[in-house]
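One structure below.
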Amino acid sequence: MSAFALIDEANSALAQNSTYAVYASGLVLTLAMLAFCVDLAQTPGRKERTGEAAAHTGDEDAAEGASTTSSREKSAGGATAVLERTETHSSKRDLDGDGGSDLPADPAPRKWAGTGMALTWLGTAALVLGIALRGFAVGRPPLGNMYEFDLVGTAFLLVCFLGWSLRKDVRWLGAFVTLPAVLFIMLAALVYYTEASKLMPSLQSYWLSIHVTVATLSIGLFTIGFVITCLYLAQLNREEKGKTGGFLKALPDSKTLDRLAYGVHIIAFPLWMFTILAGAIWAQEAWGAYWNWDPKEVWSLVIFIVYAAYLHSRVTVGWSGRKAAVVVIIGFACILINYGVVNVYFVGQHSYSGL
1144 MSAFALIDEA NSALAQNSTY AVYASGLVLT LAMLAFCVDL AQTPGRKERT
1194 GEAAAHTGDE DAAEGASTTS SREKSAGGAT AVLERTETHS SKRDLDGDGG
1244 SDLPADPAPR KWAGTGMALT WLGTAALVLG IALRGFAVGR PPLGNMYEFD
1294 LVGTAFLLVC FLGWSLRKDV RWLGAFVTLP AVLFIMLAAL VYYTEASKLM
1344 PSLQSYWLSI HVTVATLSIG LFTIGFVITC LYLAQLNREE KGKTGGFLKA
1394 LPDSKTLDRL AYGVHIIAFP LWMFTILAGA IWAQEAWGAY WNWDPKEVWS
1444 LVIFIVYAAY LHSRVTVGWS GRKAAVVVII GFACILINYG VVNVYFVGQH
1494 SYSGL
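Next up, the structure:
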């Protein structure tokens, strides 16, 4: 069976359970995506109700202020009564949850968003379990073929999103992260699935864990950056046309989205640069040369150049907006070509996926 050796029967049950866990993660993440979509669909009505409640509270405050002023005018000696009235009103606002500087901009309950986050945590845990079982089954890091690379990259995509959610409220991003995650899992299960097997000798190196792990992490971050960039373009178009409705009301404004996308790419780019350097060192140990102009190496370099141009243009030329977004889209398209086309149709030193 080419350069691969199938695992023994003792570990076949682990491999099968790994597959079940991956299927379960895809199902749970699909439910999470639907929950996030329902939350986004409810955004216009929720915003209207929040606005009406804020207006009603403002009217009550104005009336209360007028009443307090009138009391002061009627009696100069009634300062104690006015103070008691004001303190009572302030205490009532605090007990009702209307006081304090930490009041969220959208206080309406978002049960579907909470459900989506809970399901995303569960689906991510199932995916990580599936990856771990795969690793135990083959007795190596599960990074040896396109199926495993796909799953690990998807896991990093989800873990980065969930880690971000612990610091900021990014529930608005949930549907747009779980959608590609579900698509990647389906691609792995239906197209890239490979029987659990051992690695060829040249790949049995500690550099496998270093090189491929960092590559999958950077691609997970690049995916988030691409998603936010697409949302930026949609939000910018909405703002320019003066539209006020739709699910995009739940998202930050276009300038904030542009800044967030830039920040994500600042983190992802040096990781990709390290991926190339680590791959070169590994290639020298495995094949005796740092660079062989392998198709995979060439496209990895193309990706590096595109994203370097994106970051450089923003710093030196001041590119932002649509111009910068176009470069991001080109860069992510190169990633998809590198993974989905070069790995499958080009023959080289990276042609070891078993496809």
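For the sequence shown, position 150 matches number 1293 in our numbering, and the numbering has no gaps at all.
All residues carry an ideal CB built from backbone N, CA and C; glycine is no exception.
These figures come from a predicted structure and were not determined experimentally.
Tell me which same chain residues have a C-beta within less than 7 Å of the C-beta of residue i, skipping the five on either side of it?
{"i": "residue 1299", "result": "1359, 1360 and 1363"}
{"i": "residue 1173", "result": "1325"}
{"i": "residue 1181", "result": "1255"}
{"i": "residue 1297", "result": "1270, 1324, 1327 and 1328"}
{"i": "residue 1365", "result": "1411, 1475 and 1478"}
{"i": "residue 1427", "result": "1433"}
{"i": "residue 1303", "result": "1363, 1364 and 1367"}
Measuring straight from C-alpha to C-alpha, what distance separates residue i and residue j?
{"i": "residue 1342", "j": "residue 1282", "result": "10 Å"}
{"i": "residue 1321", "j": "residue 1183", "result": "14 Å"}
{"i": "residue 1178", "j": "residue 1265", "result": "14 Å"}
{"i": "residue 1416", "j": "residue 1445", "result": "11 Å"}
{"i": "residue 1336", "j": "residue 1480", "result": "19 Å"}
{"i": "residue 1317", "j": "residue 1355", "result": "26 Å"}
{"i": "residue 1310", "j": "residue 1161", "result": "31 Å"}
{"i": "residue 1454", "j": "residue 1291", "result": "30 Å"}
{"i": "residue 1433", "j": "residue 1441", "result": "13 Å"}
{"i": "residue 1390", "j": "residue 1425", "result": "47 Å"}
{"i": "residue 1431", "j": "residue 1411", "result": "29 Å"}
{"i": "residue 1332", "j": "residue 1166", "result": "8 Å"}
{"i": "residue 1470", "j": "residue 1293", "result": "24 Å"}
{"i": "residue 1175", "j": "residue 1289", "result": "25 Å"}
{"i": "residue 1488", "j": "residue 1422", "result": "21 Å"}
{"i": "residue 1383", "j": "residue 1372", "result": "16 Å"}
{"i": "residue 1386", "j": "residue 1305", "result": "31 Å"}
{"i": "residue 1435", "j": "residue 1257", "result": "49 Å"}
{"i": "residue 1456", "j": "residue 1409", "result": "13 Å"}
{"i": "residue 1312", "j": "residue 1462", "result": "28 Å"}
{"i": "residue 1420", "j": "residue 1483", "result": "22 Å"}
{"i": "residue 1185", "j": "residue 1159", "result": "40 Å"}
Could you pull the start and end residues of the alpha helix (DSSP H) that residue i belongs to?
{"i": "residue 1450", "result": "1438-1455"}
{"i": "residue 1402", "result": "1397-1430"}
{"i": "residue 1380", "result": "1350-1383"}
{"i": "residue 1465", "result": "1465-1480"}
{"i": "residue 1277", "result": "1254-1281"}
{"i": "residue 1299", "result": "1289-1308"}
{"i": "residue 1165", "result": "1155-1184"}
{"i": "residue 1387", "result": "No alpha helix (DSSP H) contains residue 1387, which DSSP labels as neither H nor E."}
{"i": "residue 1329", "result": "1317-1333"}
For residue i, which residues in the same chain have their Cβ closer than 6 Å to its Cβ, ignoring the five residues on either side in sequence?
{"i": "residue 1451", "result": "none"}
{"i": "residue 1157", "result": "1276, 1279 and 1280"}
{"i": "residue 1315", "result": "1393 and 1394"}
{"i": "residue 1272", "result": "1164"}
{"i": "residue 1357", "result": "1414, 1417 and 1418"}
{"i": "residue 1398", "result": "none"}
{"i": "residue 1381", "result": "1391"}
{"i": "residue 1301", "result": "1267 and 1324"}
{"i": "residue 1348", "result": "none"}
{"i": "residue 1319", "result": "1370"}
{"i": "residue 1228", "result": "Residue placement at residue 1228 is poorly supported in this model, since its pLDDT is 42, which falls under 50; the coordinates still yield a value, given next. Closer than 6 Å at the Cβ level, and outside the excluded window around residue 1228, lies no residue."}
Do residue j and residue i have their beta-carbon atoms positioned less than 8 Å apart in this structure?
{"i": "residue 1474", "j": "residue 1449", "result": "yes"}
{"i": "residue 1378", "j": "residue 1394", "result": "yes"}
{"i": "residue 1287", "j": "residue 1346", "result": "yes"}
{"i": "residue 1262", "j": "residue 1171", "result": "yes"}
{"i": "residue 1407", "j": "residue 1367", "result": "yes"}
{"i": "residue 1284", "j": "residue 1352", "result": "yes"}
{"i": "residue 1468", "j": "residue 1375", "result": "yes"}
{"i": "residue 1396", "j": "residue 1464", "result": "no"}
Any heavy atom of the ligand GTP closer than 7 Å to the beta-carbon of residue i?
{"i": "residue 1479", "result": "No copy of the ligand GTP occurs in the structure displayed, which carries no ligand at all."}
Less than 8 Å between C-beta atoms, sequence neighbours within five positions excluded: which residues of the same chain meet that for residue i?
{"i": "residue 1154", "result": "1279, 1280, 1281, 1282 and 1339"}
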